[in-house]
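Student:
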Amino acid sequence: MIDAGLRAELRKLIAAFVENMGAMTAEMEAALDAGRRGEGDAAAAWDLLRTQTHRISGSGASFGFTDIAAVARRIDLHAAGTLSGGDAAAVAAPPWEDALVTGDLDALRRLVDRAAPTDSPLYPGD
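Just so it is clear: in the sequence shown, position 55 is 36 by this note's numbering, and no numbers are missing.
Listed below in structure tokens is the structure:
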């Protein structure tokens, strides 16, 4: 049995993660929107996508949000492959024109918007 203090702390951590996922997804969407307006830097956007989706994927899996983690992982691996390929042309290709990124980021947004802390199998009951 988990004591009340630990249950309360776990609830806070899961709730903060769910809230932060929304902010991280919004930040990625803003970077792609800026790129579509001609104001974005492709390499910086790829790096942001890789960093944020890596965080969402790892923490999502840890907290039991497996669907969210899987979508974030696809974007993470795609962005990491693009950045590590050493091909300047690939890095210069904008993520806002990449079908995998735009499709999966839309899917991630839908999942994140529906996520609630109580969806986590680790969310402690009373």
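The C-beta atom is built at its ideal place from N, Cα and C for all residues, glycine as well.
Tell whether a beta-carbon distance below 9 Å holds between Gly16 and Ala7.
Tutor: Their beta carbons are not under 9 Å apart, which means Gly16 does not touch Ala7 by this criterion.
Student: Given this structure, state the Cα-to-Cα distance separating Gly84 from Ile(-17), to the nearest angstrom.
Tutor: If you take the alpha carbons of Gly84 and Ile(-17), they lie about 40 Å apart.
Student: Taking just the CA atoms, how far does Leu(-13) sit from Arg18?
Tutor: Cα-Cα distance, rounded: 46 Å.
Student: State the CB to CB distance for the pair Leu86 and Met9, rounded to an integer number of angstroms; the pair is presumed to be in contact (CB under 8 Å).
Tutor: Right, the Cβ-Cβ distance comes to about 6 Å (below 8 Å), so this counts as a contact.
Student: Could you check the C-alpha separation between Leu13 and Asp100 for me, to the nearest Å?
Tutor: Spanning the two alpha carbons is a distance of roughly 29 Å.
Student: In chain order, what residues of the same chain lie with their CB nearer than 6 Å to the CB of Ala42, ignoring the 5 residues before and after it?
Tutor: The answer, listed in chain order, is Ala50.
Student: In angstroms, rounded to a whole number, what distance separates the CA positions of Leu92 and Ala(-15)?
Tutor: Answer to the nearest angstrom: the Cα atoms are 30 Å apart.
Student: Give the single residue among Gly45, Gly21, Ala60 whose Cα lies nearest to the Cα of His35.
Tutor: Of the candidates Gly45, Gly21, Ala60, the one whose C-alpha sits nearest the C-alpha of His35 is Ala60.
Student: Just reading off the alpha helix (DSSP H) that Thr6 is part of, what are its end residues?
Tutor: -15 to 17 is the span of the alpha helix (DSSP H), which, as asked, contains Thr6.
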